[in-house]
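Colleague:
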Amino acid sequence: MEVKDRILEKAHELYMRYGIKSITMDEIAGHLGISKKTIYQSYADKDELVSAVFYRIMNENKGMCCLSRDNSDNAIHEQFLCSDVVQEMFGRMNPSILFDIKRYHPKVYAEFEKYKLEFIYEMIKTSLKRGVTEGLFRDDLSIEIIARLQLETVTLLHETEFVHKHGLATIEKELNEFFLHGSATAKGKELITTYKLQRQNKQ
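Numbering (the numbering used here), first residue to last: 832 to 1034.
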């Protein structure tokens, strides 16, 4: 593995575990057994390294969500599979990460906002339309409004006290089920119950 990739891998690991603000370039260098100068030969500054880490996180998330969509039996199954992906990621993520990038790395946060609107929002809308076609979501849904509301609940994740109290993965699970129940037809609600039971039986 090239030095640049090793730096990215270690930064990703440390940021996910401890948050961004608390991890210095010196600490990353120490964990890798290299000098800080070596890091700066690959990444101009911390902002560039944080940007590279978030680009990687967003790409991984995009790939897994697309895979969930392609492997799903229906729109509700898709929502559960995507939520599983997000919960798994959040389970490994320090709750302060989004707060840190919003406050200390505004350019990275702007890229995250762009990703939300250009990928996540469009994916939610497509899934809702699929569910209406399948008879699993109500046909009177205002798809753009519901998709935007579902998207913007991520702002809850900036409230660090709230997140520390409940946990990112738990919040994602509850939000997903809240929106599913509010959008589903009777047929859809039967599937929600089925997929919830499947997950409970795996625990």
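All C-beta atoms in this analysis are idealised placements derived from N, C-alpha and C, irrespective of residue type, glycine included.
Just so it is clear, the structure is predicted and the values come from calculations on it, not from any experiment.
Hey, would you say Thr1016 sits closer than 8 Å to Leu967, going by beta carbons?
Modeller: Yes, the Cβ-Cβ distance between Thr1016 and Leu967 is below 8 Å.
Colleague: If we call anything under 8 Å between Cβ atoms a contact, is Ile907 one with Ile1002?
Modeller: No.
Colleague: Give the DSSP-derived three-state secondary structure of Ala1122 in the structure shown.
Modeller: Outside the displayed range of the chain (832 to 1034) lies residue 1122, so it cannot be described from this structure.
Colleague: Mind checking which residues open and close the alpha helix (DSSP H) that includes Glu944?
Modeller: Start and end: Pro937 to Tyr946.
Colleague: List the residues that DSSP assigns as beta-bridge partners of Phe968.
Modeller: Its beta-bridge partners are Ala1015.
Colleague: Ignoring anything shorter than 3 residues, give me the beta strand (DSSP E) runs that lie fully in the region 873 to 901, in order along the chain.
Modeller: Within the region 873 to 901, no complete beta strand (DSSP E) run reaches 3 residues.
Colleague: In terms of alpha-carbon separation, which member of Lys945, Gly850 and Gly922 lies closest to Met889?
Modeller: Of the listed residues, the one whose Cα sits closest to Met889 is Lys945.
Colleague: Consult DSSP for Glu833 and reduce its assignment to one of helix, strand or coil.
Modeller: In the structure shown, Glu833 sits in coil (DSSP, three-state: anything other than H, G, I, E or B).
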